[in-house]
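**Q** Pasting a structure here, questions to come.
In full-length UniProt numbering, the protein residues as written are 1 to 267.
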């Protein structure tokens with residue numbers, strides 16, 4: 001939803017981050033009006049008694065970093081129902097292997113298209129992430145490696161926001177009960193402070209039924225159910241725990257929220 005571009009108000013943006021600066025030259029727009037999608041009965045499941053969200057500081061739009069569709073879905077739904085203009089920014093170079101990355105990204109794109117929300121694909125950038133993680137391979141979950149990971153993702157989010165006129169940034173990461181919300185917020189605030197007049201929105205997405213709606217919507221949309229945080233080290237540690245407890249290794253592309261019997265995504 002960049003200023004001066006009417007299509008941004010209604011479509012999905014796909015962009016590559018191959019250069020150091022995230023430009024708009026390669027944008028492709030899908031022009032399904034969000035206003036029409038909002039009016040479809042049953043699409044936006046929001047309790048009418050809930051207070052609609054408002055952006056801080058009287059801002060008019062939000063750049064929302066998204067980690068995956070299950071975490072993003074309920075937040076996107078609430079933002080859309082609140083009439084907030086927002087764009088999804090997908091930059092998650094930590095996710096491994098690439099098959100898992102593509103599944104998570106494509107699930108997020110699918111739901112963004114359904115709501116008519118702009119989606120910015122900031123590319124994979126895995127080698128850069130691995131270089132930054134060097135020496136932290138055995139850090140525990142919620143430790144220094146996770147701080148590095150959040151910093152990296154939010155720094156790129158803040159850069160894109162600055163270059164494209166978004167005064168507010170936030171992330172879907174905090175809705176997960178497996179994450180340390182204070183750790184996430186500290187990283188987000190630190191990234192936003194690098195640019196003038198930018199603000200990281202620290203709203204607790206878990207409250208007002210957010211966590212419950214996250215699961216409900218994931219089942220309704222039959223979202224892919226990832227079984228580990230995302231990085232190669234998380235996958236390693238999760239598989240070690242599973243084997244120690246008599247369970248098999250994680251199979252990529254197997255589990256979905258909305259099905260009793262899992263079905264695989266094709267290779």
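Idealized CB from N, CA, C, for every residue including glycine.
Label residue 112 either buried or exposed according to how many other C-beta atoms from any shown protein chain fall within 10 Å of its C-beta, with 16 as the threshold for buried.
**A** Counting Cβ neighbours within 10 Å, residue 112 comes out buried, since at least 16 surround it.
**Q** Suppose you measure from the CA of residue 23 to the CA of residue 90; what does that come to, to the nearest Å?
**A** Since pLDDT at residue 23 reaches only 38, below the 50 mark, its modelled position is unreliable, and the value read off the structure follows with that caveat. The straight-line gap from Cα to Cα measures roughly 15 angstroms.
**Q** Buried or exposed for residue 248, please, with buried defined as at least 16 other CB atoms from any protein chain shown within 10 angstroms of its CB.
**A** Exposed, by the Cβ-count rule.
**Q** Going by Cα to Cα distance, which pick from 130, 75, 127, 212 is closest to residue 65?
**A** Selected option, being the one with the closest Cα: 75.
**Q** Give me the DSSP bridge partner(s) of residue 127.
**A** Paired residues: none, contrary to the question.
**Q** Runs of 4 residues minimum, wholly inside the stretch 200-261: which ones carry the alpha helix (DSSP H) assignment?
**A** Runs of the alpha helix (DSSP H) inside the stretch 200-261: 210-220, 232-244.
**Q** Helix, strand or coil, according to DSSP, for residue 182 in the structure here?
**A** Residue 182: helix per DSSP, three-state reduction.
**Q** Quick check on residue 151: does DSSP put it in helix, strand or coil?
**A** Looking at residue 151 - three-state DSSP - the assignment turns out to be helix.
**Q** Check whether the stretch 83-97 and the stretch 191-208 touch, using three or more Cβ-Cβ pairs below 8 angstroms as the test.
**A** As far as the Cβ criterion goes, the stretch 83-97 does not touch the stretch 191-208, which means the pair count is below three.
**Q** For the stretch 180-190 and the stretch 146-155, state whether three or more C-beta atom pairs, one from each stretch, are separated by less than 8 angstroms.
**A** Result yes; three or more Cβ-Cβ pairs closer than 8 angstroms.
**Q** Does the structure place the stretch 204-222 close enough to the stretch 232-246 that three or more beta carbon pairs sit under 8 angstroms?
**A** Taking 8 angstroms as the limit for Cβ pairs, the verdict is that the stretch 204-222 does not touch the stretch 232-246.
**Q** Of all the options 256, 252, 62, 236, which has the alpha carbon lying nearest to the alpha carbon of residue 139?
**A** For the residues 256, 252, 62, 236, the minimum Cα distance to residue 139 belongs to 236.
**Q** Tell whether a beta-carbon distance below 8 angstroms holds between residue 166 and residue 62.
**A** Going by C-beta atoms, residue 166 is nearer than 8 angstroms to residue 62.
**Q** Just to confirm the assignment, what range does the beta strand (DSSP E) spanning residue 293 have?
**A** The shown model of the chain, from 1 to 267, leaves out residue 293, and the question about it has no answer.
**Q** Please list the terminal residues of the continuous alpha helix (DSSP H) segment that includes residue 55.
**A** Unbroken run through residue 55: none, as it is neither H nor E.
**Q** Between the beta-carbon of residue 107 and the beta-carbon of residue 68, is there less than 8 angstroms?
**A** Contact flag set, yes.
**Q** Between residue 129 and residue 136, what straight-line distance do the alpha-carbon atoms span, to the nearest angstrom?
**A** Spanning the two alpha carbons is a distance of roughly 11 angstroms.
**Q** Is the distance from the Cβ of residue 225 to the Cβ of residue 257 below 8 angstroms?
**A** Yes, Cβ-Cβ distance for residue 225 and residue 257 is below 8 angstroms.
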